Amino acid sequence: MPADFSSAGMRAALAAAPGPGIAAEEIGDAARALKQASRVIEATYDAPYLAHGQLEPPSAIARWNADGTLELWLPNQAPELFQQAAAKAAGIAPEQIILHSSPLGGFFGRHFLYGTANPFPQAIQLAKAVGRPVKLIWSREEEFLRDALRPMGLARFRAGIDENGLPQALYAEAVGESPTERWFGRQPDKANKSAVEGIARKPYAIPNRRVAQVYLEHLPTIGYWRSVGHSMNDFFYESFLDEVADAGQQDPYALRLRLLADKPRHKALLQAVAELSGGWKRGPFTAGDGSQRARGVAMASPFGSEVATIAEVSIEGGSVVVHDVWVAFDPGSIVNPAIVEAQVKSAVALGLSSTLLEEVVYENGMPRARNFGAYPILPPGRMPRVHVRIVESGAPMGGVGEPGLPGVPPAVINAVAVLTGQRVRSLPLSRTRFASA
1 MPADFSSAGM
11 RAALAAAPGP
21 GIAAEEIGDA
31 ARALKQASRV
41 IEATYDAPYL
51 AHGQLEPPSA
61 IARWNADGTL
71 ELWLPNQAPE
81 LFQQAAAKAA
91 GIAPEQIILH
101 SSPLGGFFGR
111 HFLYGTANPF
121 PQAIQLAKAV
131 GRPVKLIWSR
141 EEEFLRDALR
151 PMGLARFRAG
161 IDENGLPQAL
171 YAEAVGESPT
181 ERWFGRQPDK
191 ANKSAVEGIA
201 RKPYAIPNRR
211 VAQVYLEHLP
221 TIGYWRSVGH
231 SMNDFFYESF
241 LDEVADAGQQ
251 DPYALRLRLL
261 ADKPRHKALL
271 QAVAELSGGW
281 KRGPFTAGDG
291 SQRARGVAMA
301 SPFGSEVATI
311 AEVSIEGGSV
321 VVHDVWVAFD
331 PGSIVNPAIV
341 EAQVKSAVAL
351 GLSSTLLEEV
361 VYENGMPRAR
371 NFGAYPILPP
381 GRMPRVHVRI
391 VESGAPMGGV
401 GEPGLPGVPP
411 AVINAVAVLT
421 GQRVRSLPLS
431 RTRFASA
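In this text, residue positions in the sequence shown follow UniProt numbering: the first is 1, and each later residue adds one.
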């Protein structure tokens, strides 16, 4: 890592990276529609590097056996891939690796193959050197230094609205690099799917769209983080869609319903979350405790599932307080509703933590945080009430563990904008002090 690398410098590099990028989605003629629009809205959004911050520190046990086999005990999310990587690190055939996959104590994409972000190659070499089994546990400081981070991301948007305040064109550029490109190879002539997921192929009926990836490599080690590209891209898109609604003097919930008129699955889900929340109301309004509150809404389509989210917020002492989050979740079909609800609630917690507090900041080539003292995560006292309604549409079964997260950041941000009049386009919210509503 260069000694002068910084998060601020990386954000500036992302902002300066020139378009138009490689198209991931082209429908109609966005450039022409923008020229013909009654009004054009522009905005740039960004989100920081994130650590995984799981409670379990990375660890590995290695034992060389007399028959030449190597046994490993290590938490992992892909045993076959880890077996191949361990064989390469040990200099033996994959069939000589005996891999014991232990339970994961929190992971969110952390226990994957990220080069030097894993301790098992060290354990292998140490066990070989001393001729005895070796148990290796990284300290928290080592973990924060070596973590494979959720990439920093930035997206540039332009939208054109007509004389009725309805969007007719959307032009978007997602700037950066995805973990898939880093670890599985990049196709220079093709936009990476995970780099644009959450921006490309949204269900809204905007007739002219162009979504592209502008590739820019990250210097830190990057990796998958819960909900991958959706974790930031849905924040970018769904927040900007509220800006489009405001510019066209449209209610953001009503606009979404209108744009989903030909998408019955999505429309039903949006109506379900409004009903779950007691009926859509944007605000500001006075709650029963006398506080001024507002609500924001967002949708996401991660990993074969569909999600609609509403968040209710207030401002206390200059900071955002999230009181309730309502989630209508359609994974197609389910087996165990209790597990689905638990996964959605945990995803909401992680999404809210990243919205309010989390960021990895690099200064002088090093991460500022080397433990939780400098990397705050959501404390129990700031966890809102979470209400979940499962809607089974009968579509093919989608994911459950990740889709509850992406709708949280934009729903909160959209609510904050209504309540305070401040449109925040850069996370986390802890950077901003808000005046009381």
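Don't be surprised by glycine CBs; every beta carbon is placed ideally from N, CA and C.
Computed from a predicted model, the values in this text were never measured in an experiment.
Would you tell me roughly how many angstroms separate the C-alpha atoms of residue i and residue j, rounded to the nearest one?
i	j	result
Ile124	Leu136	10 Å
Glu42	Arg210	14 Å
residue 438	Pro302	This structure cannot speak to residue 438, because the chain is shown only from 1 to 437.
Phe112	Gly53	14 Å
Met1	Gln84	27 Å
Pro48	Glu402	19 Å
Glu71	Leu81	15 Å
Ala16	Ala369	27 Å
Ala338	Leu276	18 Å
Ser305	Ala127	44 Å
Ala13	Val340	40 Å
Leu99	Pro79	7 Å
residue 441	Phe157	A question about residue 441 goes unanswered here, because the residues of the chain that appear run from 1 up to 437.
Phe329	Gly248	29 Å
Ile92	Gly105	29 Å
Gln250	Thr44	21 Å
Leu257	Phe107	36 Å
Ser59	Asp147	13 Å
Gly19	Ala90	44 Å
residue 461	Val424	Missing from the structure shown is residue 461; the chain here goes from 1 to 437 and no further.
Gly278	Ala294	14 Å
Glu392	Arg201	22 Å
Asn76	Ser231	22 Å
Looking at C-alpha atoms only, which residue of the options is the closest neighbour of residue i?
i	options	result
Thr180	His52, Arg146, Arg150	Arg150
Ile206	Ser346, Asp29, Leu357	Asp29
Asn65	Gly131, Ala212, Ala369, Met366	Gly131
Lys345	Gly381, Glu363, Val408	Val408
Ser227	Val40, Glu217, Gly398	Gly398
Pro367	Thr309, Ser393, Pro220	Pro220
Leu269	Val322, Pro203, Gln422, Tyr215	Pro203
Gly373	Asp46, Pro20, Arg140	Arg140
Ala411	Leu216, Val320, Leu55, Ile22	Val320
Ala435	Pro20, Tyr224, Gln422, Phe240	Gln422
Ser314	Ala24, Ala23, Thr286	Thr286
Thr116	Val322, Ala86, Ala129	Ala86
Arg282	Gln187, Val40, Ala417, Ile334	Ala417
Gln292	Gly9, Arg11, Leu419, Ser38	Leu419
Met299	Gly278, Arg265, Glu25, Gly165	Arg265
Glu95	Gly68, Gly317, Gly109	Gly68
Tyr215	Glu238, Asp189, Phe236	Asp189
Ala37	Asp162, Asp4, Gly365	Asp162
Per DSSP, which one or two residues make a beta bridge with residue i?
i	result
Gln122	In the DSSP output, where bridge partners are listed per residue, Gln122 has none listed.
Gly176	Tyr215
Met299	Ala308
Ser101	Leu74
Ile222	Leu149
Ile137	Ser59
Ile390	Phe329
Ser426	Asp46
Arg210	Glu26, Tyr171
Arg385	Asp324
Report yes if the CB atom of residue i is closer than 8 Å to the CB atom of residue j, and no otherwise.
i	j	result
Ala174	Asn233	yes
Asn208	Ile27	yes
residue 502	His218	Given that the chain is displayed from residue 1 to residue 437, the structure contains no residue 502 and the question cannot be resolved.
Val325	Pro284	no
Gln343	Gly404	yes
Arg63	Pro133	yes
Trp138	Ser102	no
Val361	Val327	no
Pro331	Val400	yes
Asn371	Pro252	no
Gln168	Ala31	no
Val322	Leu352	yes
Pro428	Ser354	yes
Trp225	Leu357	no
Leu170	Ala159	yes
Gly223	Tyr114	yes
Glu197	Gly229	yes
Ala245	Leu260	no
Gly21	Gln213	yes
Asp46	Gly153	yes
Taking only beta-carbon atoms, is residue i less than 8 Å away from chain D?
i	result
Ala342	Of the chains in the structure shown, none is chain D; there is only one protein chain.
Which ranges would you report for the beta strand (DSSP E) in the segment 22 to 67 if only whole runs of at least 3 residues count? 22 to 27, 39 to 47, 59 to 64
For the segment 305 to 338, which segments carrying the beta strand (DSSP E) assignment without a break, of at least 3 residues, lie completely within its bounds, in sequence order? 306 to 316, 319 to 330
Unbroken stretches of the beta strand (DSSP E), 3 residues or longer, contained in the segment 146 to 201: 153 to 161, 167 to 176
Which parts of the segment 339 to 369 are runs of the beta strand (DSSP E), unbroken and 3 residues or longer, counting only runs that do not cross its ends? none
Within the segment 218 to 299, note down every full alpha helix (DSSP H) run reaching 4 residues or more, in order along the chain. 230 to 247, 252 to 259, 264 to 276
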